[in-house]
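K.L.:
Number of protein chains: 2
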Amino acid sequence: MPNTQDQILDSAERLIQSQGYSAISYQDISNQVGIRKASIHYYFPSKEDLAAAVVKRYRLKLKEIMDASMKTRKSDTWGLLDDYFAIYLSFESEPERICLCGALAGEYPVLPKKAQTEVDGFFYDHQVWIRHVIEMGQENEMIADDQKADYLAGWVLSTLQGALIVGRATESFDRVHEAQDMLRRALKRL
Amino acid sequence: MPNTQDQILDSAERLIQSQGYSAISYQDISNQVGIRKASIHYYFPSKEDLAAAVVKRYRLKLKEIMDASMKTRKSDTWGLLDDYFAIYLSFESEPERICLCGALAGEYPVLPKKAQTEVDGFFYDHQVWIRHVIEMGQENEMIADDQKADYLAGWVLSTLQGALIVGRATESFDRVHEAQDMLRRALKRL
DNA sequence: GTCTATAAGATGATAGAC
DNA sequence: GTCTATCATCTTATAGAC
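Residue numbers (my numbering), protein chains in the order written: chain W, 1 to 190; chain G, 1 to 190.
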């Protein structure tokens, strides 16, 4: 059983992923965690603090997954890409949820500054990681090198985030599978 | 000068595109339009009514643009695709705004039912239109036909929505240009 | 740490005058 | 049609007891 602070973060993460930042309240979290909403303020004085903490933790969690993948897969281009794609496939079992930062990006201008910075940093982390994978793939001639690795990385990121968001709204998670299929082919043949 | 009802819809559309549905209030619209918030209830009794009306109008507006393009471009595959891409490029001049339905899809589970239906219908319209363009392109051998047109259409849609959303959060509208570039190449060579 | 109690403000919505 | 006035409810947040 996680401590109270982690339970609050878990609840907030889940709620933001399914409802967005503006829609959720301390009361919602209070109901899920089973403590009074005043108690939440003990851990996170303001909603801005809570938002920043949730994104920070989420960003770090994924960064660790990606770094671990890099360590075990070495320069196995398609294995690395599969690992990354798996992050997005994990949402299939909870169709109300999407990537936390995809959800937050949808209401970016109303987010508190610190949360904005973390969301921005999240996308930066991912783009750098994907770019690295693609660069290695281009060196090994697994991926065509007539396109800048950075453009390709941004493209992969946008596509996957978009597939999750549109997929949830159209109740078609297949979209995510299909998008990954297309990306794999495109990277091979571009 | 548009009538009051249209001014309200214009304002709501603008606000949702930049802030999302949950974050906006009758007060915000009241401030922009210059009428009291009680007056807005005269046109749209509940926020749910307003949401449904905004999406319905937006969906129709884009449907008309796409149908007009189909009528003038006939079977000019790349011309049609350019017209469609131009819809997304139009957001470059107002970097706070993204596609209304992309923004709404980011908080889909909390939307009123009727708004959900319209958002869903919006994506359906687009996917059908793009699929049609791709099918014609495959017949004319402009686009390779080893992939289902419907998958390709879904992929294009997801990518463009994702590029807008991620692009706004990372202050890099280039993302949209680059994604369109990649899509064009990918469709040609797949 | 968690609670009760409470504050100050915003929200969607309605009634009724003009 | 648009206004003022008002309502009940929800929001984030704080003070202080246990």
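Each residue gets a CB set at the ideal place from its N, CA and C atoms; glycine is no exception. A quick note: this is a predicted structure, and the numbers were derived from the prediction, not measured.
1. List in chain order: all unbroken alpha helix (DSSP H) runs of 4+ residues lying wholly within the region 64-146 of chain G.
2. Whole angstroms is fine: what's the gap from R57/W's alpha carbon to L100/W's?
3. Just to confirm before moving on: does the CB-CB distance between G162/W and I134/G stay below 9 Å?
4. Give the C-beta separation of L190/G and A186/W to the nearest angstrom, bearing in mind that I take them to be a contact with Cβ-Cβ under 8 Å.
5. Looking at the secondary structure, which residues open and close the alpha helix (DSSP H) in which E13/W lies?
6. Within the same chain, show all residues whose beta-carbon is closer than 8 Å to that of E171/W, passing over the 5 residues directly before and after it, in chain order.
7. Would you identify the three-state DSSP class for L183/W, choosing helix, strand or coil?
8. Within 8 Å, do at least three Cβ pairs link the region 4-22 of chain G to the region 41-57 of chain G?
9. With A149/G as the anchor, note down where its alpha helix (DSSP H) starts and where it stops.
10. With 9 Å set as the bound, which would you pick, yes or no: does the beta-carbon of Q27/W sit closer than that to a beta-carbon of chain G?
11. I'd like to know whether the C-beta of S158/W is nearer than 9 Å to at least one C-beta of chain G.
12. When Cβ atoms are compared, which residues of the region 162-177 of chain G fall closer than 9 Å to chain W?
13. So, for T77/G: in the same chain, excluding its five sequence neighbours on each side, which residues have a beta-carbon less than 7 Å away from its beta-carbon?
14. Does the beta-carbon of R14/G, which I'm using as the reference point, lie nearer than 8 Å to any heavy atom of the ligand HEM?
15. Figure out for me which residue from G106/W, D150/W and E118/W has the closest Cα to the Cα of K63/W.
16. Any C-beta of chain G sitting closer than 9 Å to the C-beta of F123/W?
17. Given this structure, state the Cα-to-Cα distance separating F123/G from D10/W, to the nearest angstrom.
18. Give the interface partners of V119/G over in chain W, defined as CB-CB distance under 8 Å, in chain order.
19. Identify which residue in L81/G, N3/G and Q5/G has its Cα closest to the Cα of L160/G.
20. By the 7 Å beta-carbon criterion, what residues does the region 66-100 of chain G contribute toward chain W?
21. By Cβ distance, which residues of its chain are closer than 7 Å to S75/G, with the 5 residues on each side in sequence left out?
22. Assuming I40/W contacts S25/W (C-beta within less than 8 Å), just tell me the rounded distance between them.
23. Cβ closer than 7 Å: which chain G residues qualify as neighbours of Q19/W?
24. R36/G: buried (16+ other C-beta within 10 angstroms of its C-beta) or exposed?
25. On the three-state DSSP scale, how would you describe S22/W?
26. Please compile the residues from chain W whose C-beta is within a distance smaller than 8 Å of the C-beta of Y151/G.
27. Going by C-alpha to C-alpha distance, which of D174/G, L152/G and A169/G sits closest to L183/G?
28. I'd like to check one pair, A51/W with P112/W: are the Cβ atoms closer than 9 Å?
29. What in chain W is Cβ-close to L50/G, meaning under 7 Å?
30. Tell me, please, whether the CB atom of L60/G is closer than 9 Å to any CB atom in chain W?
P.N.:
Working from what's here:
1. 77-89, 100-105 and 113-139
2. 11 Å
3. no
4. 7 Å
5. T4 to Q19
6. P95
7. helix
8. yes
9. A149 to A169
10. no
11. yes
12. G162, A163, L164, I165, V166, G167, R168, A169, T170, E171, S172, D174, R175 and V176
13. V133, M136, G137, N140, M142 and I143
14. With respect to the ligand HEM, the structure offers nothing, as it holds no ligand at all.
15. E118/W
16. yes
17. 31 Å
18. A169
19. L81/G
20. E96
21. M136 and N140
22. That belief does not hold up - the Cβ atoms of I40/W and S25/W are roughly 10 Å apart, past 8 Å.
23. E107, P109 and V110
24. exposed
25. coil
26. E178, D181 and M182
27. L152/G
28. yes
29. The contacting residues do not exist; L50/G stays about 16 Å from chain W at best.
30. no
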